[in-house]
Amino acid sequence: MTDLVPFQPSTAPAAYDPATLAVLAAMEQAAEEHLDAIRPHNTRRGYANDWALWGEFHDWLAERTGHRLPLTAVTKGTLVGFVVWLDTVKLAAPNSIDRRITGVTVTARAQGAEVPKEATVAARQALKPLKADPDRVARGRGKAPAATPTQLQQMADAAPVSLTGIRDRALWLMAFGMAGRSAEVGALRADGITLVSEGLDVQVPSVKARPARKVRVAYGANPDTCPVRAWLTWRAAAGIISGPAFLPIDVRGRIGSAALSAAACREIIARSAERAGIAVRLTGHSMRSGFITTARKAGKREEKIRAQSGHAANSPVFWGYIQEADAWTDAASEGIGL
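Residue numbers for the sequence shown follow the working numbering, so the first one is 548 and each next one is one higher.
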């Protein structure tokens with residue numbers, strides 16, 4: 548009787564001849580093109596935004612390590628790092644992070660990069676506890692809160708005594724004082740900021756086809772939160788005469804030459820607020836809306852505030868800020884005999 552030998556499946560990969568390999572490669576390419584063609588427009592646009600954020604993450608990483616990685620290096624380390632960055636720096640909601648992982652993975656593979664399964668598995672393992680946090684899940688529901696002078700004082704008190712701390716304080720105080728968008732703050736030039744007896748004449752550059760404007764940033768009564776003093780201190784410490792007003796600083800304290808991006812400006816504001824222990828989530832837009840509501844509560848005229856912020860006269864966003872600032876001015880329930 549012949550002994551039965553258990554079947555042993557071969558673990559060696561199949562060897563294909565060159566013609567077969569060429570056909571398989573062509574089929575892979577055709578499949579990618581077909582899937583891309585039937586993918587909804589909004590999905591493609593979302594993937595493009597995900598890839599742009601992946602690029603911002605690499606900018607952030609390069610600033611801290613002194614070395615830039617290729618965007619196609621999607622590994623366990625970089626993808627988990629991306630999740631952590633989206634959570635702690637961008638303050639993204641977990642569901643948004645989940646979509647970003649997919650967008651980066653799909654785009655990288657479409658560019659011919661290999662994305663190992665262990666990388667996506669690890670990224671979603673890092674994401675899992677975030678989805679169980681109700682505070683994180685609630686992110687993105689509603690507009691950014693307006694910053695207040697009290698919060699600016701808290702941020703000033705918590706600012707580190709270092710060149711980075713000096714720059715950060717000048718940046719978010721300037722953002723507040725000029726009612727600027729993060730992209731406008733990043734685009735400021737030192738030679739466009741002129742010291743006058745009353746404070747600073749600031750030339751705000753044109754950003755995203757919005758018209759340029761000139762704003763006046765007055766001296767503050769409180770030296771800790773005065774944007775004029777903060778700017779002069781940073782300018783002297785960095786030795787800036789011309790070029791970008793706000794520059795990157797690496798981990799060794801060396802100042803770069805390229806202007807900070809809008810994303811970097813937003814990150815600095817969010818990080819400074821978090822360091823100060825501020826309970827609400829402040830973003831780059833918090834400085835802009837905070838100026839408008841604070842100026843209105845101080846009795847400033849609408850046209851003066853609009854000239855500073857650059858809003859159009861019929862802007863519903865602007866009038867929403869004004870309405871919010873006026874909410875307790877002569878409230879309907881006040882003084883009616885209750």
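By construction, the Cβ of each residue, glycine as well, lies at the ideal position given by its N, Cα and C atoms.
Around the C-beta of residue 581, fewer than 16 other C-beta atoms lie within 10 Å, and the residue is accordingly described as exposed. A Cβ-Cβ distance of about 17 Å is found for the pair residue 777 and residue 736, leaving them out of contact under the 8 Å criterion. Judged by DSSP secondary structure, residue 794 falls outside any alpha helix (DSSP H); it is assigned neither H nor E. Fewer than three pairs of CB atoms, one per stretch, sit closer than 8 Å, so the segment 748-762 makes no contact with the segment 701-718. Of 861, 566, 739, 768, the smallest CA-CA separation from residue 745 is found for 768. Residues 760 of the same chain have their beta carbon placed closer than 6 Å to that of residue 857, with the five preceding and five following residues left out of the count. Excluding its 5 nearest sequence neighbours in each direction, residue 854 has C-beta neighbours in its own chain below 8 Å: 760, 762, listed in chain order. By a beta-carbon distance limit of 8 Å, residue 691 contacts residue 833. Their separation comes to about 5 Å.
According to DSSP, residue pairing for residue 746 in a beta bridge involves 743, 765. In the DSSP assignment, residue 846 falls outside any alpha helix (DSSP H) and carries neither an H nor an E. Take the alpha-carbon of residue 668 and the one of residue 851: they are about 53 Å apart. For the 7 Å CB-CB criterion, residue 795 and residue 610 form a contact. Considering only 730, 661, 719, 663, the residue with the shortest C-alpha distance to residue 806 is 730. Here the C-alpha atom of residue 814 lies approximately 10 Å from the C-alpha atom of residue 632.
Buried is the label assigned to residue 686, since at least 16 other Cβ atoms lie within 10 Å of its Cβ. Taken through DSSP and simplified to helix, strand or coil, residue 760 comes out as strand. Residue 802 has 796 as its beta-bridge partners, per DSSP. Within the same chain, 619, 621 come within 7 Å of residue 660 by CB-CB distance, once the 5 residues on both sides are set aside. DSSP assignment within the segment 689-729 yields the following whole alpha helix (DSSP H) runs of 4 residues or more, N-terminal first: 696-705, 710-724.
The beta carbons of residue 638 and residue 835 sit no closer together than 7 Å. Of the residues 591, 655, 670, 779, the one whose Cα lies closest to the Cα of residue 624 is 670. Assignment of beta-bridge partners to residue 813 by DSSP yields no partner. In the DSSP assignment, residue 563 falls outside any alpha helix (DSSP H), carrying neither H nor E. Residue 615 sits in coil when the DSSP states are folded into three classes, being neither helix nor strand. DSSP lists 791 as the bridge partner or partners of residue 736.
Note that the C-beta distance between residue 781 and residue 822 is not below 7 Å. Just so you know, the alpha carbons of residue 700 and residue 824 end up roughly 12 Å apart. The beta carbon of residue 698 sits closer than 6 Å to the beta carbons of 825 from its chain, once the five residues preceding and following it are set aside; these are given in chain order. Taking residue 617 as reference, the option from 789, 678, 775, 658 with the minimal CA-CA separation is 658. Residue state for residue 636 is assigned as coil, using DSSP reduced to three classes. Under the DSSP assignment, residue 643 falls in the alpha helix (DSSP H) whose first and last residues are 641-657.
Here residue 662 carries a coil assignment [DSSP, helix/strand/coil].
DSSP places residue 864 in the uninterrupted alpha helix (DSSP H) bounded by 863-872.
By DSSP's assignment, residue 751 forms a beta bridge with 760. Secondary structure note for residue 774: its alpha helix (DSSP H) is the uninterrupted segment 774-785.
For residue 770, there is no enclosing alpha helix (DSSP H), as DSSP marks it with neither H nor E.
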